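Visitor: First, the structure itself, so that you have it in front of you.
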Amino acid sequence: MVVDNSDPKSFVAMIESSHRGASPEWWLDSGATCHVTNDRSLLSKVSAVKDRVENCNGGATDVTHAGTAELVLSLGKTLILQHVKVVPNLTKNLISMSLLDKAGMSFTTTNGRMTLTVNSHYFGCAYLINGMYRLSLDNDCINQVSSTLIDPKLLHNRLGHIHYKKMRDLAKSQNIPLDLSIRFDMCEVCAQTKITRNPFKTVSRSTQLLELIHSDLCDFRSHATRGGKKYLITFIDDFSRYCHVYLLKSKDETFETFKIFKSRVENQLNLKIKRFRSDRGGEYTATGFKDFCASEGIILETTAPYSPQSNDIAERKNRTLTEMLNSMLLTADMPNSFWGEVVLTINHILNRVPHSKLNSTPYELWHGHPCRYDTLKTWGCIAYVRIQDLKRPKVRPRTTTCVYLGSAEDSAADRFLDLSTNSMIESRDAIFFEHKFIKDHGLTVSGSTDMVSESTVEPEAGPSGTAPQPIEVEPVPLRVSTRDRILKDFGENFVTYHLEDDTFSYQEAMRSRDALMWAEAIDDEMNSLLQNNT
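Using the UniProt record's numbering, you'd call the opening residue of the sequence shown number 1 and step up by one each time.
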């Protein structure tokens, strides 16, 4: 808002004979007929003038200069006062309310506060101090009028215990006179109420395999597997980030599982585990575990209490496993009791996926050669597994409908759930339909019953890099007759005919009398495989 002050005759009331110095404060005066200041440095576009203003005593005072004052109010609006006169012996900077009223500004006062409005819109405000209204400017401060030095501790309390650096920046920008002779860089109350955790230092990566092993235990007690497993434990090599996962029935198995893991990896790599890092869980701090590590020369590193960030590699691995677990179970529409099979498959996948901290995959750093990806299949998809010859009826289909549960460990076979028997089987002969799941066939899978036939094994640890844990089935003893058998004599005229057995190779098929039929059957089968991309 621009306020012009071009009246030829001016009157002001606040005149004294002695000069008190410059002040950035501006006061609203209902008796003044012009805007006046005692400091020409507050003005722009200053020019020398010869003029006089009358005071309340009937006298006149010389005006030395005139210029424009631009005042930024508390909410950012700018009030421009033109033709402001400079009177050196003036006690206050005065704004003529009559000129503001002439420019279209309105005033309302309530409880010592004057509100300035233009066209019914808020413009600014002024506060009653010692009988006059002081205009509220953007650079006002709670202690600006004080000429004495302020105790930093007192200002810190007034400002609600803000950080001392922010307090000093505020004092510097707002010209608050702080007493710098008083040292203040720590508040006891702030130390008690604002303490935060110290940052965790970045730890350099190991330089060789088995130099450092990270481990953590994850609880799945609310969803036991079909084999009764309720926990999973991870062992992660710091150098390669290759992870081994084992499924446990109880935490008490941690010690024995670690010994199995240690023997396996040290024998494979011909190296020794040097350091072992875990949290302070009882399974890791038990006397037997600690004594074993000490006897093997393994440095046992435990995290600080309530500081899982110190074991962040293992903690992040558990989080990743859990997130992918939920996604894969939901996709396949399988019961939660299959979380163990899913976790083993996820770990099998993650070991073969490039790591963000590596220039390679964990598998390649661990094994020394690239891995294959053509064997990966969609977990939980429908698969038709070939029935073994000894079990297949003559006039029944050659396959049984199964659910794919991942690759078998230390074997070229895959693991499946046979839907006809609700049991786990392993086979290398299967046709996969990766876009079909049990819900597409209207089938359901029991999450509790675990029927296992004599020829069926259920490896609970698989593609994770750990040894499989098959369900032991007691073999049924073969019944053998104890009586002596007497060979039967059919006489000299008895003739037997040998029936030709099934053909077992391509060469035999092409040499047989049914060669044309074999060739036609082979072509049909190959076309079917190509159409299904299997």
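No residue lacks a Cβ here, since even glycine has one placed at the ideal position from N, Cα and C. Since we're looking at a predicted model, the values are computed, not measured.
Tell me, which residues are paired with Met510 by DSSP?
Guide: Here residue 510 refers to the residue found at position 510 when the sequence shown is read from its first residue. The partner list for Met510 (beta bridge, DSSP) is empty, contrary to what the question assumes.
Visitor: Given a threshold of 16 other Cβ atoms within 10 Å of its Cβ, counted over all protein chains shown, does Ser360 qualify as buried or as exposed?
Guide: Here residue 360 refers to the residue found at position 360 of the sequence shown. Flag for Ser360 reads exposed.
Visitor: Please return the same chain residues whose Cβ sits closer than 6 Å to the Cβ of Ile522, not counting the five positions on each side in sequence.
Guide: What you label residue 522 is simply residue 522 of the sequence shown in a count that begins at 1. Excluding sequence neighbours, Ile522 sits near nothing in its chain.
Visitor: Over what stretch of residues does the beta strand (DSSP E) that includes Ser215 continue unbroken?
Guide: Here residue 215 refers to the residue found at position 215 when the sequence shown is read from its first residue. Where Ser215 is concerned, the enclosing beta strand (DSSP E) stretches over 212-219.
Visitor: My output table needs one value for Ser206: the three-state DSSP class, helix, strand or coil.
Guide: Position 206 of the sequence shown holds residue 206. The answer is coil: DSSP assigns Ser206 none of H, G, I, E or B.
Visitor: Considering only the alpha carbon of each residue, which of Leu28, Thr401, Ile260 lies closest to Gly442?
Guide: Taking the first residue of the sequence shown as 1, we reach residue 442 at position 442. Closest by alpha carbon: Thr401.
Visitor: From the DSSP output, which residues share a beta bridge with Val385?
Guide: Within the sequence shown, the letter at position 385 stands for residue 385. In the DSSP output, where bridge partners are listed per residue, Val385 has Thr400, Ala430.
Visitor: Sort Glu520, Met97, Asp279, Lys92 by Cα distance to Glu315 and report the nearest one.
Guide: Locating residue 315 in the sequence shown gives position 315, counting from the first residue. Ranking Glu520, Met97, Asp279, Lys92 by Cα distance to Glu315 puts Asp279 first.
Visitor: For the segment 427-447 against the segment 376-383, do three or more pairs of beta-carbon atoms, one drawn from each stretch, fall closer than 8 Å, so that the two count as touching?
Guide: Yes, the segment 427-447 is in contact with the segment 376-383.
Visitor: Are the segment 361-370 and the segment 246-257 in contact at 8 Å, needing three or more beta carbon pairs?
Guide: Too few Cβ pairs lie closer than 8 Å, so no.
Visitor: Taking the beta strand (DSSP E) that Ser106 belongs to, which residues open and close that run?
Guide: As a position in the sequence shown, residue 106 is number 106, starting the count at 1. 105-110 is the extent of the beta strand (DSSP E) around Ser106.
Visitor: Which residue or residues does DSSP assign as beta-bridge partners of Phe276?
Guide: Position 276 of the sequence shown holds residue 276. DSSP lists Ile213, Leu300 as partners of Phe276.
Visitor: State the DSSP-derived secondary structure class of His83, mapped to helix, strand or coil.
Guide: Locating residue 83 in the sequence shown gives position 83, counting from the first residue. Strand, per DSSP.
Visitor: Compute the minimum distance between the beta carbon of Thr68 and the heavy atoms of the ligand FMN, and state whether it is under 7 Å.
Guide: In the structure on display, the ligand FMN does not appear, and there are no ligands present to speak of.
Visitor: How many angstroms separate the CA atom of Ser30 from the CA atom of Asn130?
Guide: For this step, residue 30 is matched to residue 30 along the sequence shown. For this step, residue 130 is matched to residue 130 along the sequence shown. Answer to the nearest angstrom: the Cα atoms are 15 Å apart.
Visitor: Compare the beta carbon distance of Ser427 and Arg386 with 8 Å and say whether it is the shorter of the two.
Guide: For the purposes of this step, residue 427 is identified with residue 427 of the sequence shown, where counting begins at 1. For the purposes of this step, residue 386 is identified with residue 386 of the sequence shown, where counting begins at 1. Contact flag set, yes.
Visitor: Where are the beta strand (DSSP E) runs, 3 residues long or more, that stay fully inside the segment 25-86, in chain order?
Guide: With a minimum length of 3 residues, the continuous beta strand (DSSP E) runs that stay inside the segment 25-86 are 26-29, 44-54, 60-72, 78-86.
Visitor: Nearest to Tyr242 by CA position, among Glu54, Ala413, Arg352, is which residue?
Guide: As a first step, residue 242 is located in the sequence shown; it is residue number 242 there, counting from the start. Considering only alpha carbons, the answer is Arg352.
Visitor: Considering only residues of the same chain and omitting the five flanking positions on each side of Glu364, which have a CB-CB separation below 7 Å?
Guide: Against the sequence shown, residue 364 aligns to sequence position 364. Cβ within range, chain order: Pro370, Cys371.
Visitor: Do three or more CB pairs link the segment 41-61 to the segment 102-111 at distances below 8 Å?
Guide: No, because fewer than three Cβ pairs between the segment 41-61 and the segment 102-111 fall closer than 8 Å, the two stretches do not touch.
Visitor: Would you list the one or two residues that DSSP bridges to Cys243?
Guide: Position 243 of the sequence shown holds residue 243. Its beta-bridge partners are Ile236.
Visitor: What ranges does the beta strand (DSSP E) occupy inside the segment 299-361, keeping only unbroken runs of at least 3 residues that lie completely in it?
Guide: Taking only runs of at least 3 residues, the beta strand (DSSP E) segments lying wholly in the segment 299-361 are 299-302.
Visitor: Extract the residue ranges of the beta strand (DSSP E) inside the segment 249-294, only unbroken runs of 3 or more that lie entirely within it.
Guide: Correct list: 275-278.
Visitor: Can you give me the Cβ contacts of Asp312 inside the same chain, cut-off strictly under 6 Å, excluding the 5 residues immediately before and after it?
Guide: By one-based count along the sequence shown, residue 312 stands at place 312. So no residue of the chain qualifies.
Visitor: So, for Val342: in the same chain, excluding its five sequence neighbours on each side, which residues have a beta-carbon less than 7 Å away from its beta-carbon?
Guide: In the sequence shown, residue 342 corresponds to position 342, counting from 1. Result list for Val342: Leu325, Met328, Leu329, Trp379, in chain order.
Visitor: Could you please give the first and the last residue of the uninterrupted alpha helix (DSSP H) stretch that includes Asp101?
Guide: In the sequence shown, residue 101 corresponds to position 101, counting from 1. Looking at the DSSP string, the run of the alpha helix (DSSP H) that includes Asp101 is 97-102.
Visitor: With DSSP collapsed to three states, give me the class of Leu419.
Guide: Along the sequence shown, one-based indexing puts residue 419 at 419. DSSP places Leu419 in coil when its eight states are reduced to three.
Visitor: Taking Arg113 as part of the beta strand (DSSP E), name the residues at either end of that continuous run.
Guide: Indexing the sequence shown from 1 puts residue 113 at position 113. Run containing Arg113: 113-118, per the beta strand (DSSP E) assignment.
Visitor: Report yes if the C-beta distance between Ala69 and Thr37 is below 8 Å; otherwise report no.
Guide: Reading the sequence shown from its first residue, position 69 is the one you call residue 69. Reading the sequence shown from its first residue, position 37 is the one you call residue 37. Result yes, Cβ atoms of Ala69 and Thr37 sit closer than 8 Å.
Visitor: Measure the C-alpha to C-alpha separation of Arg221 and Pro335 and round it to an integer number of angstroms.
Guide: Residue mapping note: residue 221 aligns to position 221 of the sequence shown, counting from 1. Residue mapping note: residue 335 aligns to position 335 of the sequence shown, counting from 1. Distance between the alpha carbons of Arg221 and Pro335: 15 Å.
Visitor: How big is the Cα-Cα spacing for Leu170 and Arg158?
Guide: One-based indexing of the sequence shown puts residue 170 at position 170. One-based indexing of the sequence shown puts residue 158 at position 158. Distance between the alpha carbons of Leu170 and Arg158: 13 Å.
Visitor: When DSSP labels each residue in this structure, what does Ala126 get in the three-state scheme?
Guide: As a working note, residue 126 is residue 126 in the sequence shown. If DSSP states are grouped into helix, strand and coil, Ala126 belongs with the strands.
Visitor: For Ala66, count neighbouring C-beta atoms within 10 Å of its own C-beta (all shown protein chains included) and say buried if the count is 16 or more, exposed if not.
Guide: In the sequence shown, the residue the question calls residue 66 occupies position 66. Answer is buried; the Cβ neighbour count reaches 16.
Visitor: Please classify Met114 as buried or exposed, where buried requires at least 16 other C-beta atoms within 10 Å of its C-beta.
Guide: Start at 1 with the first residue of the sequence shown, and residue 114 comes out as number 114. It counts as buried.
Visitor: Three-state secondary structure (DSSP) at His223?
Guide: As a position in the sequence shown, residue 223 is number 223, starting the count at 1. DSSP places His223 in coil when its eight states are reduced to three.
Visitor: Give the single residue among Ser74, Leu71, Val84 whose Cα lies nearest to the Cα of Asp51.
Guide: Walking along the sequence shown from the start, residue 51 turns up at place 51. Of the listed residues, the one whose Cα sits closest to Asp51 is Val84.
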